[in-house]
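Data first, discussion second: the structure below is written as C-alpha cells.
Residue numbers (this note's numbering), protein chains in the order written: chain C, 15 to 126; chain R, 216 to 333.
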C-alpha cells in the first residue's frame with residue numbers, strides 16, 4: 015500500500031528558513047499536499063503540487079518535488095512563531111475521488 | 216469560505232456506552248465526507264468515506280458495526296462509536312469535499328473530537 019514518511023520534529027529559530035521533508039512510495043501519486051495542524055484544531059491545506067511540476071512557490075512557501083526519488087519538501091522562508099504547528103505531507107492518485115494518504119506529521123517548533 | 220464543524224469537541228464516556236459525533240459543513244454542500252482517527256505522533260488513519268444518501272465505504276480493518284456512519288444530508292455526517300471501549304479513545308477528525316471536483320482532492324477539516332472512554 016501507499017506509505018508516506020516524515021521526520022517527527024524540527025526546531026528552527028525565528029527568522030530562519032524551515033525545510034520539512036517527506037518521502038512517499040506510490041509511483042502513481044498525482045497530487046501531493048502540505049497540510050498544517052495547529053494545536054487542538056483540524057488540518058488546513060497550505061498548498062499542493064501536481065506530479066508533473068517540480069516546484070511551486072506561494073509567498074513564503076516553496077514546495078519542491080523530486081519525482082524520481084519520490085521526495086517532497088516544504089520550505090518556509092522567514093519562519094515566524096505563528097508557524098509553529100504540525101505539518102502533514104499527503105498524496106493521492108489521479109482523480110478527485112482517490113483517497114488521500116497522510117504522512118506521520120512533522121512538528122515544527124519555532125524558537126523566538 | 217469552507218468551514219467544517221464538529222460536535223462535541225470533547226467527550227468522556229463509560230465503557231459500553233455509545234457516542235455520536237457530528238460533522239457539519241457550515242457554508243457549503245458536501246457530497247463526500249471523510250472520517251479519520253488520529254493517534255498521538257501518528258498519521259491520520261482514514262476510517263471511512265461517507266457519501267450522502269448511500270452507505271459509507273469503510274477502510275480495511277475498520278468495523279462497520281462498531282463505527283456507524285450516517286450521511287443523511289449534504290451538510291451533515293455522523294459517526295457513532297457503539298459499545299465504546301478504552302481502546303476506542305482517540306482523536307476523531309472529519310473532513311468534507313467541496314463540490315464535485317474531479318481533480319485535486321481538497322478536503323476541509325473539522326477541528327476534531329477528543330473521545331475518552333473510561
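Virtual Cβ for every residue (Gly too), placed ideally from N, Cα, C.
Name, please, each residue of chain R whose Cβ falls closer than 7 Å to the Cβ of residue 55 (chain C).
Position 41 of the first chain, counted from the start, is the residue given in the question as residue 55 (chain C). Against residue 55 (chain C), the close residues of chain R are 326, in the order they occur along the chain (beta-carbon pairs closer than 7 Å).
Sequence-distant residues of its chain with Cβ nearer than 7 Å to residue 330 (chain R) (five each side left out)
Numbered from its first residue, the second chain carries residue 330 (chain R) at position 115. Shown here for residue 330 (chain R): same chain residues with a beta carbon closer than 7 Å to its own, the five before and five after excluded, namely 226, 234, 296, 303, 304, 305 and 307 in chain order.
Cβ-Cβ distance between residue 33 (chain C) and residue 87 (chain C) below 9 Å:
The count along the first chain starts at 1 and reaches residue 33 (chain C) at position 19. The count along the first chain starts at 1 and reaches residue 87 (chain C) at position 73. It is a contact, given that the beta carbons lie within the stated cut-off.
Please confirm if residue 235 (chain R) has its CB atom under 9 Å from at least one CB of chain C.
Locating residue 235 (chain R) in the second chain gives position 20, where the first residue counts as 1. Against chain C, the CB of residue 235 (chain R) has no partner CB under 9 Å away; the residue lies outside that interface.
Kindly indicate if chain R contains any beta-carbon less than 9 Å away from that of residue 76 (chain C).
Within the first chain, numbered from 1, the residue matching residue 76 (chain C) stands at position 62. For residue 76 (chain C), no Cβ of chain R is located within less than 9 Å of the residue's own Cβ.
Would the stretch 73-92 of chain C count as touching the stretch 38-46 of chain C if we require 3 or more Cβ pairs under 8 Å?
With the cut-off at 8 Å, the stretch 73-92 of chain C and the stretch 38-46 of chain C touch.
Counting Cβ pairs closer than 8 Å, one from the stretch 248-255 of chain R and one from the stretch 279-299 of chain R, do we hit at least three?
Touching, per the Cβ criterion.
Is it the case that the Cβ atoms of residue 128 (chain C) and residue 115 (chain C) are separated by a distance below 9 Å?
With chain C covering 15 to 126 only, the question about residue 128 (chain C) has no answer from this structure.
Using the Cα positions of residue 51 (chain C) and residue 20 (chain C), report the straight-line distance between them to the nearest angstrom.
Looking up residue 51 (chain C) in the first chain gives position 37. Looking up residue 20 (chain C) in the first chain gives position 6. Each residue's Cα considered, the two are about 15 Å apart.
For residue 231 (chain R), is the classification buried or exposed, using 16 other Cβ atoms within 10 angstroms of its Cβ as the cut-off for buried?
Residue mapping note: residue 231 (chain R) aligns to position 16 of the second chain, counting from 1. So residue 231 (chain R) ends up on the exposed side.
Minimum Cβ-Cβ distance from residue 59 (chain C) to chain R less than 9 Å:
For the purposes of this step, residue 59 (chain C) is taken as residue 45 along the first chain, with counting starting at 1. Judged by the 9 Å Cβ criterion, residue 59 (chain C) is in contact with chain R.
Going along the stretch 22-51 of chain C in order, which residues come within less than 7 Å of chain R, judged by CB to CB distance?
Taken in chain order, the members of the stretch 22-51 of chain C whose beta-carbon sits within less than 7 Å of a beta-carbon on chain R are 22 and 45.
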